[in-house]
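Sequential numbering of the sequence shown, starting at 218, is according to the working numbering.
Even for Gly, the Cβ is constructed at its ideal location relative to N, Cα and C.
Note that the structure is predicted; figures quoted are calculated from it, not measured.
Everything on this sheet refers to the single structure shown next.
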Amino acid sequence: MTEASKKKGTMLLISGPSGSGKSSICKRLIEDPRVVFSVSATTRTRREGEVDGRDYYFLTVDEFRAKREAGAFLESAEVYGNLYGTLRAPMKEAIEKGFIYLVEIDVQGALQLRASEEPGIYVFIAPPSMDELESRLRGRGSESPESLARRLGKAEDEYRERHRYDYVIVNDGLEEAVREVRRVAGLDEPSTETAEGRKS
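Below, the structure is given as structure tokens:
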């Protein structure tokens, strides 16, 4: 029996505006063998290098809708014209085994889960300021002026919802932000497991 399986796990939900650094924080969190990362389902086109079942479960629109009608999703949302959803079964299994189930999700999806009273730790990752967020998004070099304006408008809307979360963590530096998320998730005690011990 692994350390994680001795007690019931929990959902750790992380969301925040595009450019807040939530993906970088999640990448660091999943280095801990007590953390299992949620793989979302999506109808968007697979990008180069992405693997089905690792990065996303890539579904057709019809497949996605059939799963949604069957109650397979905890939540689902349309984001920039594509459907995304969090599958119910993998989370239930991981939590029963005692793992922290990490869900990286947009604010729309997070609020659906909050409204459904899904238990867990809800964390909003905030940029130090909207000016800094704009600078980060511009620094990606992948945003057209229209896309940048749309993302910044959405970020302002999302920021107004931060009071709906259990914790708001300002990402003014990755190391400190990761430490703070680990603390609120109860992961600040070192793990005695190996990453291999987590895999089934």
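I need the DSSP call for F316, collapsed to helix, strand or coil.
coil
Using the rule of at least 16 other Cβ atoms within 10 Å of the residue's Cβ for burial, across every protein chain shown, is V340 buried or exposed?
buried
If we call anything under 8 Å between Cβ atoms a contact, is L319 one with L229?
yes
DSSP state of G326, grouped into three classes?
For G326, the secondary structure class from DSSP, reduced to helix, strand or coil, is helix.
Element boundaries [alpha helix (DSSP H), containing G370]
P362 to Y376
Note down, one range per segment and in chain order, each beta strand (DSSP E) of at least 3 residues found wholly within the region 242-321.
252-254, 290-296, 299-304 and 317-321
Quick check: what's the CA-CA separation for G326 versus V398?
20 Å
In whole angstroms, what separates the C-alpha of S237 from that of E265?
The straight-line gap separating the alpha-carbon atoms of S237 and E265 is approximately 24 Å.
In angstroms, rounded to a whole number, what distance separates the CA positions of E313 and A258?
Distance between the alpha carbons of E313 and A258 is about 21 Å.
Three-state secondary structure assigned by DSSP to L230:
strand
Check the C-beta distance from M347 over to E375 and give it rounded, since I have them as a contact under 8 Å.
Rounded, the Cβ-Cβ distance is 11 Å, inconsistent with contact.
Quick check on this structure: which residue in V256, G356, S240 and F275 has the alpha carbon closest to the alpha carbon of E263?
This sequence places Arg at residue 263; Glu is not what is there. It is F275.
Assuming G226 and I322 form a contact by the criterion Cβ under 8 Å, report the distance between their Cβ atoms to the nearest whole angstrom.
Cβ atoms of G226 and I322 stay farther apart than 8 Å, at about 17 Å.
Sufficient close CB pairs (3 or more, under 8 Å) joining the region 243-250 to the region 270-285
no
Checking the sheet assignment: what are the DSSP bridge partners for A394?
Looking at the DSSP assignment, A394 forms no beta bridge with any residue, so it has no partner.
D348 lies in the alpha helix (DSSP H); which residues open and close that run?
M347 to R357
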